[in-house]
Amino acid sequence: MSLETYSLSHALAASLKRELLLAVRQKSELFNPLLFFLVVVVFVPLGITPDKNFLAKLAPGMIWVFALLATLLSLESLFKADFEDGSLEQMLVSPLSLFWIVGVKVFCHWLLTGVPLTLLAPVLGVMLFLPSDAYLGLIASLLIGTACLSLIGAIGAALTVSLRRGGLVLSLIVMPLYVPILIFGADAVNNLAQGLPYAFSLLVLGVFFFLALLGAPFASAGALRISVTA
Amino acid sequence: MSLLRFSEFTCWRSDEALFKAVNFSLNSGDIVQVVGPNGAGKTTLLRSLCGLYNDYQGDILWQNQSWQSRFYDFSHSLLYLGHTPGVKKSLTAAENLRWYTSIQQGVSARSNIENALAQVGLDDYADTLCQEMSAGQLRRVALARLYISQRSLWVLDEPFTAIDVLGVSQLEKHLQNHVQHGGTVLLTTHQPLAIAQVKNLTLEPCLREASYES
Numbered sequence: 001m002s003l004e005t006y007s008l009s010h011a012l013a014a015s016l017k018r019e020l021l022l023a024v025r026q027k028s029e030l031f032n033p034l035l036f037f038l039v040v041v042v043f044v045p046l047g048i049t050p051d052k053n054f055l056a057k058l059a060p061g062m063i064w065v066f067a068l069l070a071t072l073l074s075l076e077s078l079f080k081a082d083f084e085d086g087s088l089e090q091m092l093v094s095p096l097s098l099f100w101i102v103g104v105k106v107f108c109h110w111l112l113t114g115v116p117l118t119l120l121a122p123v124l125g126v127m128l129f130l131p132s133d134a135y136l137g138l139i140a141s142l143l144i145g146t147a148c149l150s151l152i153g154a155i156g157a158a159l160t161v162s163l164r165r166g167g168l169v170l171s172l173i174v175m176p177l178y179v180p181i182l183i184f185g186a187d188a189v190n191n192l193a194q195g196l197p198y199a200f201s202l203l204v205l206g207v208f209f210f211l212a213l214l215g216a217p218f219a220s221a222g223a224l225r226i227s228v229t230a
Numbered sequence: 231m232s233l234l235r236f237s238e239f240t241c242w243r244s245d246e247a248l249f250k251a252v253n254f255s256l257n258s259g260d261i262v263q264v265v266g267p268n269g270a271g272k273t274t275l276l277r278s279l280c281g282l283y284n285d286y287q288g289d290i291l292w293q294n295q296s297w298q299s300r301f302y303d304f305s306h307s308l309l310y311l312g313h314t315p316g317v318k319k320s321l322t323a324a325e326n327l328r329w330y331t332s333i334q335q336g337v338s339a340r341s342n343i344e345n346a347l348a349q350v351g352l353d354d355y356a357d358t359l360c361q362e363m364s365a366g367q368l369r370r371v372a373l374a375r376l377y378i379s380q381r382s383l384w385v386l387d388e389p390f391t392a393i394d395v396l397g398v399s400q401l402e403k404h405l406q407n408h409v410q411h412g413g414t415v416l417l418t419t420h421q422p423l424a425i426a427q428v429k430n431l432t433l434e435p436c437l438r439e440a441s442y443e444s
């Protein structure tokens, strides 16, 4: 095989491996959003009320809001390190389309933030007395929802990567886009908890996911290019 | 026909031309040093060529066609080394190079990578994390790409930064070797080069008085 043999799958596998290696070696970034999620949910009964019925009503919305904020916390660093150490330039110069590189990065972000949050959520649901019927809905809606959050968040992260303190701007860009996901995600869990039909909300989340999957990597790639070349 | 031709090319920064428009041709076998005082736009010129800067005027012809319109093909012959070397500190030297070659769509056999690292004097550092290396060694990891890649056009921005005397002379030999095999090198450096056939691409700063008056 010649050295210049074109191989997309090879490049994708290598990018995936790199992202995972980097995440494993920088454990603090991996655990920060999870720790935040855990801490705030633990604080809710302490700060508001330990009343079981009250907490049960609050639980779906609370868990969703905190999962969203935890994701938001982790977004700023998505492209930052690559921008600062010159890796992003190498990605732009390479013949490999930025679309794929962004895709791999977003997938890893979801795998290392969204999936752990989703797995942690049922445990926190127990703390907040979430009705037992709602657990499946919680996991399903968070699994799809966090994927949307990672995809949409990548656009904001790409747009603000060259700003020195881009965190606030990033939040302002991304928040409005997160609103419908929060509404339908929490709605699915709420409805399940009350024994109401929930399929519609999950379906809408699914539609959001596919729209984000189609648009976000392109938008992020374009935004990254603008951030670097400006 | 020249390989690469700058025609009336100039870069802009905040509505001012950085340097007087240049006309310059590069052929295979050329080593070209971009010359000019600090702030003349040497880095900006190289970044524009690599598609990393957009505020320019004029055109660059690659094989007689505008390079922007054929950037995908152009990027297959391009190797860029910038100020920031693009080396991840929490990866080992070999991991860095493996990722680099794979996104450049090359195949990165372990033996190739170890060989390249040996060429830049990092024989036993393949599995060392880059955060444990010195600035010069970090730079050498980036320079090891020059020994793996089969790209023909090398665009190097200050490649000799933090490299010791012996390293510089080895690198100069490698550049000469590359152009003898039909490659092309475009570089900036403030070090005097011990290479005989270097051509100069001089950037003359634009006079700024005019803009102060208006």
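Note that the protein sequences, when read in sequence, are chains A and B. Counting in this note's numbering, the first sequence runs from 1 upward without gaps. Counting in this note's numbering, the second sequence runs from 231 upward without gaps. Just so it is clear, CB atoms sit at the ideal spot from N, CA and C, and this is done for glycine as well.
Requested in this report: Closer than 6 Å by C-beta to B/Asp387: which residues in its own chain qualify, once you throw out the five before and the five after it? Chain order, please.
Outcome: As a first step, residue 387 of chain B must be located in the second sequence, where it is residue number 157. Taking C-beta separations shorter than 6 Å and ignoring five residues to either side along the sequence, the partners of B/Asp387 in its chain run Thr273, Leu276, Gly312, His313 and Thr418, following chain order.
Query raised in the report: Across which residues does DSSP place B/Gln263 in a beta bridge pair?
Result: Here the question's residue 263 of chain B lines up with position 33 in the second sequence. Answer is B/Leu417 and B/Asn430.
Query raised in the report: Mapping DSSP to helix, strand and coil, what is B/Trp297?
Result: Walking along the second sequence from the start, residue 297 of chain B turns up at place 67. Coil at B/Trp297, not helix or strand.
Query raised in the report: So, A/Pro50 versus A/Ala186, is the Cβ gap smaller than 8 Å?
Result: In the first sequence, residue 50 of chain A corresponds to position 50, counting from 1. In the first sequence, residue 186 of chain A corresponds to position 186, counting from 1. Remark: C-beta atoms of A/Pro50 and A/Ala186 do not approach each other more closely than 8 Å.
Query - Simplified DSSP state of B/Asp285, which is helix, strand or coil - result: Within the second sequence, residue 285 of chain B is the residue found at index 55, counting from 1. Note: B/Asp285 maps to coil in three-state DSSP.
Query raised in the report: Once you ignore the five residues that flank B/Leu234 on each side, which residues in its own chain have a CB closer than 6 Å to its CB?
Result: For this step, residue 234 of chain B is matched to residue 4 along the second sequence. Excluding sequence neighbours, B/Leu234 sits near Leu256 and Trp292.
Query raised in the report: In the DSSP assignment, what residue or residues form a beta bridge with B/Val252?
Result: On the second sequence, residue 252 of chain B is found 22 positions in, with the first residue counted as 1. As computed with DSSP, B/Val252 is found in a beta bridge with B/Phe239.
Report task. Quick one: measure Cβ to Cβ for B/Tyr310 and B/Val350, integer angstroms, because I've assumed they're closer than 8 Å. Result -> Locating residue 310 of chain B in the second sequence gives position 80, counting from the first residue. Locating residue 350 of chain B in the second sequence gives position 120, counting from the first residue. Under the criterion of beta carbons closer than 8 Å, B/Tyr310 and B/Val350 do not qualify as touching, at roughly 18 Å.
Query raised in the report: Can you list, in chain order, the residues of its chain whose CB lies under 6 Å from that of B/Ile343, leaving out five sequence neighbours each side?
Result: Here residue 343 of chain B is taken as the residue at index 113 of the second sequence, counted from 1. Only Ala324 and Leu327 meet the Cβ criterion.
Query - A/Thr71 and A/Thr118 closer than 8 Å at C-beta - result: Stepping through the first sequence from its first residue, residue 71 of chain A is reached at position 71. Stepping through the first sequence from its first residue, residue 118 of chain A is reached at position 118. Between A/Thr71 and A/Thr118, the CB-CB gap reaches or exceeds 8 Å.
Query - Pairwise C-alpha distance: A/Leu151 and A/Leu196 - result: By one-based count along the first sequence, residue 196 of chain A stands at place 196. By one-based count along the first sequence, residue 151 of chain A stands at place 151. In this structure, the straight-line span from the alpha carbon of A/Leu196 to that of A/Leu151 is close to 29 Å.
**Report entry** 8 Å Cβ cutoff, B/Glu344 in contact with chain A
**Finding:** Within the second sequence, the letter at position 114 stands for residue 344 of chain B. Taking 8 Å as the threshold, the shortest C-beta distance from B/Glu344 to chain A does not fall below it.
**Report entry** Sequence-distant residues of its chain with Cβ nearer than 7 Å to B/Ala270 (five each side left out)
**Finding:** In the second sequence, counting from the first residue as 1, residue 270 of chain B sits at position 40. Answer for B/Ala270: Leu248, Phe249, Leu433 and Pro435, listed in chain order.
Query raised in the report: Would B/Cys241 count as contacting chain A if we go by Cβ distances under 8 Å?
Result: Start at 1 with the first residue of the second sequence, and residue 241 of chain B comes out as number 11. Taking Cβ atoms only, chain A never reaches closer than 8 Å to B/Cys241, which makes this a no.
Query raised in the report: What's the C-alpha gap between B/Ile425 and B/Gln406?
Result: To locate residue 425 of chain B, count along the second sequence from 1; it is residue 195. To locate residue 406 of chain B, count along the second sequence from 1; it is residue 176. Computed Cα separation, rounded: 8 Å.
Query - First through last residue of the alpha helix (DSSP H) which encompasses A/Asp187 - result: Here residue 187 of chain A refers to the residue found at position 187 when the first sequence is read from its first residue. Counting along the chain, A/Asp187 sits inside the alpha helix (DSSP H) bounded by residues Gly167 to Ala193.
Query raised in the report: Smallest Cα separation from A/Val44: which of A/Ala219, A/Ile63 and A/Leu30?
Result: Residue mapping note: residue 44 of chain A aligns to position 44 of the first sequence, counting from 1. The option with the nearest alpha carbon to A/Val44 is A/Ile63.
Query - Residues from the region 52 to 65 of chain A in contact with chain B, defined by Cβ distance under 7 Å - result: Listed by position, the residues of the region 52 to 65 of chain A near chain B (Cβ gap below 7 Å) amount to none.
Requested in this report: Let me know if A/Ala158 comes out buried or exposed under the rule of 16 or more other beta-carbons within 10 Å of its beta-carbon.
Outcome: As a working note, residue 158 of chain A is residue 158 in the first sequence. The residue in question, A/Ala158, is buried, as its Cβ has 16 or more Cβ neighbours within 10 Å.
Requested in this report: Measure how close the beta-carbons of A/Leu96 and A/Ala11 come, nearest whole angstrom, since I'm counting them as under 8 Å.
Outcome: By one-based count along the first sequence, residue 96 of chain A stands at place 96. By one-based count along the first sequence, residue 11 of chain A stands at place 11. With 8 Å as the limit, A/Leu96 and A/Ala11 qualify as a contact, their Cβ atoms being about 5 Å apart.
Query - Closer than 8 Å to chain A by CB, B/Asn284 - result: Residue 284 of chain B sits at position 54 when you count from the first residue of the second sequence. It does; some Cβ of chain A falls within 8 Å.
Report task. Taking B/His411 as the query, report the chain A residues whose CB atoms sit under 9 Å from its CB, ordered along the chain. Result -> The sequence position of residue 411 of chain B within the second sequence is 181, counting from 1. Those within 9 Å of B/His411 in chain A number zero; the least Cβ separation is about 14 Å.
Query raised in the report: If you compare alpha carbons, which of A/Val40, A/Phe31, A/Ile139 and A/Pro180 is closest to A/Val207?
Result: Position 207 of the first sequence holds residue 207 of chain A. The alpha carbon of A/Val207 has as its nearest neighbour, out of A/Val40, A/Phe31, A/Ile139 and A/Pro180, the alpha carbon of A/Pro180.
Query - Other residues of its chain near B/Ser296: CB distance less than 6 Å, five sequence neighbours each side excluded - result: As a position in the second sequence, residue 296 of chain B is number 66, starting the count at 1. Hits under 6 Å: Asp289.
Query raised in the report: Helix, strand or coil for A/Thr229 per DSSP?
Result: Against the first sequence, residue 229 of chain A aligns to sequence position 229. DSSP places A/Thr229 in helix when its eight states are reduced to three.
Query - Inter-residue spacing [alpha-carbon to alpha-carbon] between B/Lys319 and B/Arg375 - result: Walking along the second sequence from the start, residue 319 of chain B turns up at place 89. Walking along the second sequence from the start, residue 375 of chain B turns up at place 145. Linking B/Lys319 to B/Arg375 through their CA atoms gives a straight-line distance of about 16 Å.
Report task. Run down chain B in chain order and give the residues with a C-beta less than 9 Å from the C-beta of A/Gly156. Result -> Your numbering for residue 156 of chain A matches position 156 in the first sequence. What A/Gly156 touches in chain B, judged by beta-carbon distance under 9 Å, is nothing: the nearest beta carbon there is about 22 Å away.
Query raised in the report: Got a sec: is the Cβ-Cβ distance from B/Gly446 to anything in chain A below 8 Å?
Result: One cannot answer for residue 446 of chain B here, as it falls past the ends of chain B, which runs 231 to 444.
Query raised in the report: Is there at least one Cβ from chain A nearer than 8 Å to B/Thr314's Cβ?
Result: One-based indexing of the second sequence puts residue 314 of chain B at position 84. So, interface residue.
Query raised in the report: How would you write the range of the beta strand (DSSP E) that B/Leu308 sits in, first residue to last?
Result: Numbered from its first residue, the second sequence carries residue 308 of chain B at position 78. Run containing B/Leu308: Leu308 to Leu311, per the beta strand (DSSP E) assignment.
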